[in-house]
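Engineer: Before we start, here is the structure in question, set down as structure tokens.
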Amino acid sequence: MKNNKIVIYIGILVVGVLLGWLLFGGSTNEETDHNHDAVAATNQMWTCSMHPQIMQPEPGDCPICGMDLIPAESGSDGLMADQFKLTENAMALANIQTTVVGKGNVEGNTIKLSGKIAENEEANAVQVSYFAGRIERLNVSFTGEEVRKGQLLATIYSPELYAAQQELITAASLKESQPALYKAVRNKLKLWKLSENQINQIEETGKVKENFPVYATVSGTVTEKLVEQGDYIKQGQPLLKIANLNTVWGNFDVYENQIDRFKKGQEVMITTNAYPNKEFKGKVDFIDPVLNTKTRTVTLRVVLSNKDDVFKPGMFVTANIEGSTAKNDEVLSIPASSVLWTGERSVVYLKTNPDQPIFEMREIKLGNQIGNEYEVVEGLFVGNEIVTNGTFTVDAAAQLQGKKSMMNKDGGKVMTGHEGHLGMDNNASNKESDHTNMNERLEVSEKFQEQLNSVYNAYINLKDALVKEDSISTSANATTLLNKLNKVDMKLLSDNKAHNHWMSLEGEIKSSATSISETSDIKSQRDHFKHLSSHLINAVQLFGINEKVYVEFCPMADNNNGAYWLSKEEKVINPYFGEAMLTCGEVKQVIE
1 MKNNKIVIYI GILVVGVLLG WLLFGGSTNE ETDHNHDAVA ATNQMWTCSM HPQIMQPEPG
61 DCPICGMDLI PAESGSDGLM ADQFKLTENA MALANIQTTV VGKGNVEGNT IKLSGKIAEN
121 EEANAVQVSY FAGRIERLNV SFTGEEVRKG QLLATIYSPE LYAAQQELIT AASLKESQPA
181 LYKAVRNKLK LWKLSENQIN QIEETGKVKE NFPVYATVSG TVTEKLVEQG DYIKQGQPLL
241 KIANLNTVWG NFDVYENQID RFKKGQEVMI TTNAYPNKEF KGKVDFIDPV LNTKTRTVTL
301 RVVLSNKDDV FKPGMFVTAN IEGSTAKNDE VLSIPASSVL WTGERSVVYL KTNPDQPIFE
361 MREIKLGNQI GNEYEVVEGL FVGNEIVTNG TFTVDAAAQL QGKKSMMNKD GGKVMTGHEG
421 HLGMDNNASN KESDHTNMNE RLEVSEKFQE QLNSVYNAYI NLKDALVKED SISTSANATT
481 LLNKLNKVDM KLLSDNKAHN HWMSLEGEIK SSATSISETS DIKSQRDHFK HLSSHLINAV
541 QLFGINEKVY VEFCPMADNN NGAYWLSKEE KVINPYFGEA MLTCGEVKQV IE
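Residues in the sequence shown are numbered from 1 upward in steps of one, following the UniProt record's numbering.
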């Protein structure tokens, strides 16, 4: 009986366990799966395709531009240190396009060279004094003054010439008895560039002149005054430098691997920003046989007719030359839209994986511009895939992810004005502030920085006019900027590196500002403002202006290619869209 009870209890226990498994076992698994999905959903983060620094735990609108947030991808495992990845949505929205680098034949294509107008040294002259004395009167008042051959330049009192005239008068009375002495005295005066008429007049009148005139021996423009009125001068001492500007030189740089494409007598078409709708013909006159070892270039010289005084020494010009290459001579070239410039650096973005949107910055060295493409001297190979559209957007993503970029050649995140809202602690801010400078600061005088600051203030007024969409005021402020730029004294830059940097940047700033001043179309003004901003950013970074400056960026400007501008304040006020998208953008860098 006892054994029967034990069997019954065991049977009841087995049935209970079996019923429990049937009733609750499956639901437990379901609940576990459900909880796993809930956790996964909870961990899903949402970001903005145009502002990938935005990370939120739930969908919504971007707090910067108002666009719908998209799911963020989970990590970038397997990427190299300098590589970064974009989402497919970001690629589509920014219209990022790539192309594979190949070699293109440049035969028959126009090669563009950048250069500068210089005086024709063969037509230059130095006006000298042929006798010693004191300048009683100087008739040339300023450099740039036009003089004609035979024009009175100065009047000089010369004790030596005074004594020589007395000798002539005495020798004239003895010319019958001592003809050799008489002839020697006359020849002495001729060596001092006195004319036959002047010598005869002294001899006939028997009067000695105290002051003698100095006449111009050539026609031209006074480029330098070497003396002032009242100065004592020596025999043969230079008084003035005179340049005949009826012809001028256009000097252009040609890279060593391109020298064989040019030859003496080759026809050249010259253009300049001063006359944007005109072309001027010239011919290659000289190709320097000595290579500049620092720039790896030679100078190509074009002689230009300048009878209408179109070209001014120092003016920037562009030469368009038909390339004369062999049919099999090929060159590696890339679209101009793929290149970003910053100071001396040129960068492109490589798509390192053909199947995934993974990118990496690459510094390159460019040659000449050929049509809408640039020759690549170093940095790329045939088969590399590079970004050709949306380059600024890719660059912005690189910066935000702490990768090497145009603004930060060493990598590491650039501190921006928004990072305080993204949960950064103070230690991280201090570490990352080391990366805020794009270029090494050059040592220049405070006076030069003050002059550059005046240009910057004129730029701010121009920017504010664009914000208000006032094209008339924008044009006027561009003219003011040009006036301030012309007052920047390049002589304050004693260092060759600083001098060369400024020469390059000044020309680009002047070109962009001139284009803005000459149009009243607000869209065209904003297009030129993008280039003006790029070059002025470089100038402020290189030289400094003793003022805190904010570099701001809008990824949607310039048809989603992105564009930068400078600001005195951290608050974003967008000059590219005005009221339409006034606050679209963010601080990318703070320049101290």
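We treat Cβ as the ideally placed atom computed from N, Cα and C, and that holds for glycine.
With three or more C-beta pairs closer than 8 Å as the rule, is the segment 471 to 484 touching the segment 514 to 521?
Structural biologist: Cβ pair count under 8 Å is three or more, so yes.
Engineer: Could you give the distance in angstroms between the alpha-carbon of residue 367 and the alpha-carbon of residue 155?
Structural biologist: Their Cα atoms are separated by approximately 54 Å.
Engineer: Ends of the beta strand (DSSP E) at residue 157?
Structural biologist: Here the beta strand (DSSP E) through residue 157 covers 152 to 157.
Engineer: From residue 458 to residue 484, what does the alpha carbon distance come to, in whole angstroms?
Structural biologist: Approximately 8 Å between the Cα atoms of the pair.
Engineer: Going by Cα to Cα distance, which pick from 464, 547, 569 and 270 is closest to residue 526?
Structural biologist: Nearest C-alpha to residue 526: 464.
Engineer: With distance defined between alpha-carbon atoms, name the residue in 510, 174, 320 and 387 nearest to residue 274.
Structural biologist: The shortest C-alpha separation from residue 274 is found at 510.
Engineer: So the candidates are 487, 114, 122 and 568; which of them puts its Cα closest to the Cα of residue 285?
Structural biologist: When only C-alpha atoms are compared, the closest one is 122.
Engineer: DSSP puts residue 291 in a beta bridge; with which residues?
Structural biologist: Looking at the DSSP assignment, residue 291 forms no beta bridge with any residue, so it has no partner.
Engineer: Taking 7 Å as the cut-off, is the CB of residue 151 close to at least one heavy atom of the ligand PLP?
Structural biologist: Questions concerning the ligand PLP fall outside what the structure shown contains, since it holds no ligand whatsoever.
Engineer: Leaving aside the five residues before and after residue 461 along the sequence, list all residues of the same chain whose C-beta is less than 6 Å from its C-beta, in chain order.
Structural biologist: Hits under 6 Å: 477.
Engineer: Comparing C-alpha positions only, which one of 358, 157, 124 and 540 sits nearest to residue 234?
Structural biologist: Answer by Cα proximity: 157.
Engineer: At which residues does the beta strand (DSSP E) containing residue 400 begin and terminate?
Structural biologist: Per DSSP, residue 400 belongs to no beta strand (DSSP E); it is in the alpha helix (DSSP H), 391 to 400.
Engineer: Could you tell me whether the segment 261 to 279 touches the segment 205 to 213, where touching means 3 or more Cβ pairs closer than 8 Å?
Structural biologist: No, the segment 261 to 279 does not touch the segment 205 to 213.
Engineer: Check each candidate in 165, 232 and 535 and name the one with the smallest Cα separation from residue 205.
Structural biologist: Of 165, 232 and 535, the residue nearest in Cα terms is 165.
Engineer: How far does the beta strand (DSSP E) with residue 213 in it extend, from its first residue to its last?
Structural biologist: Element bounds for residue 213: 211 to 215.
Engineer: Applying the criterion that 16 or more other CB atoms from any shown protein chain within 10 Å of the CB defines a buried residue, is residue 33 buried or exposed?
Structural biologist: Residue placement at residue 33 cannot be trusted, given a pLDDT of 45 that sits under 50; what the coordinates show is reported in the next sentence. When all chains shown are included, residue 33 counts as exposed.
Engineer: Output yes or no for whether 8 Å exceeds the beta carbon distance between residue 543 and residue 466.
Structural biologist: Not in contact: residue 543 and residue 466 (Cβ atoms no closer than 8 Å).
Engineer: Taking its Cβ as the centre, do 16 or more other Cβ atoms sit within 10 Å of residue 382, making it buried, or is it exposed?
Structural biologist: Classification of residue 382: exposed, given that the 10 Å Cβ count is below 16.
Engineer: Just how far apart, CA to CA, sit residue 348 and residue 540?
Structural biologist: Each residue's Cα considered, the two are about 23 Å apart.
Engineer: Do residue 216 and residue 149 have their beta-carbon atoms positioned less than 8 Å apart in this structure?
Structural biologist: Yes, these two residues count as a Cβ contact at 8 Å.
Engineer: Does DSSP put residue 282 in a helix, in a strand, or in coil?
Structural biologist: Note: residue 282 maps to strand in three-state DSSP.
Engineer: In terms of DSSP beta bridges, what is residue 98 paired with?
Structural biologist: Answer is 387.
Engineer: One question on the structure: do residue 240 and residue 306 come within less than 8 Å of each other, judged by their Cβ atoms?
Structural biologist: No; because the gap between Cβ atoms is not below 8 Å, this pair is not in contact.
Engineer: Is it buried or exposed, residue 191, if we count other Cβ atoms within 10 angstroms and call 16 or more buried?
Structural biologist: Answer is exposed; the Cβ neighbour count stays below 16.
Engineer: Per the contact definition of three or more C-beta pairs closer than 8 Å, is the segment 577 to 586 in contact with the segment 546 to 559?
Structural biologist: Yes, the segment 546 to 559 is in contact with the segment 577 to 586.
Engineer: Kindly indicate the opening and closing residues of the beta strand (DSSP E) around residue 588.
Structural biologist: 586 to 591 is the extent of the beta strand (DSSP E) around residue 588.
Engineer: Under DSSP, the beta strand (DSSP E) around residue 641 begins and ends at which residues?
Structural biologist: Only positions 1 to 592 of the chain appear in the structure, and residue 641 is not among them; the question remains open.
Engineer: Give the straight-line distance between the Cα atoms of residue 355 and residue 315, rounded to the nearest whole angstrom.
Structural biologist: Spanning the two alpha carbons is a distance of roughly 48 Å.
Engineer: Would you mind reading off the limits of the alpha helix (DSSP H) that contains residue 507?
Structural biologist: Unbroken alpha helix (DSSP H) run through residue 507: 496 to 517.
Engineer: What is the rounded straight-line gap between the Cα of residue 444 and the Cα of residue 506?
Structural biologist: If I take the Cα positions, the gap works out to 16 Å.
Engineer: Between which two residues does the alpha helix (DSSP H) containing residue 467 stretch?
Structural biologist: First-last of the alpha helix (DSSP H) with residue 467: 446 to 467.
Engineer: What does DSSP give as the partner residues of residue 319 in its beta bridges?
Structural biologist: In DSSP, residue 319 forms a bridge with 113 and 270.
Engineer: Once DSSP output is grouped into helix, strand and coil, what is the label at residue 179?
Structural biologist: In the structure shown, residue 179 sits in a helix (DSSP, three-state: H, G or I).
Engineer: If you pair each beta-carbon of the segment 90 to 102 with each one of the segment 117 to 136, do three or more pairs fall below 8 Å?
Structural biologist: Counting Cβ pairs under 8 Å, fewer than three are found: no touch.
Engineer: Quick one: what's got a C-beta closer than 6 Å to residue 385's C-beta in the same chain, skipping five residues either side?
Structural biologist: Within the same chain, residue 385 has close Cβ partners 98, 100 and 351.
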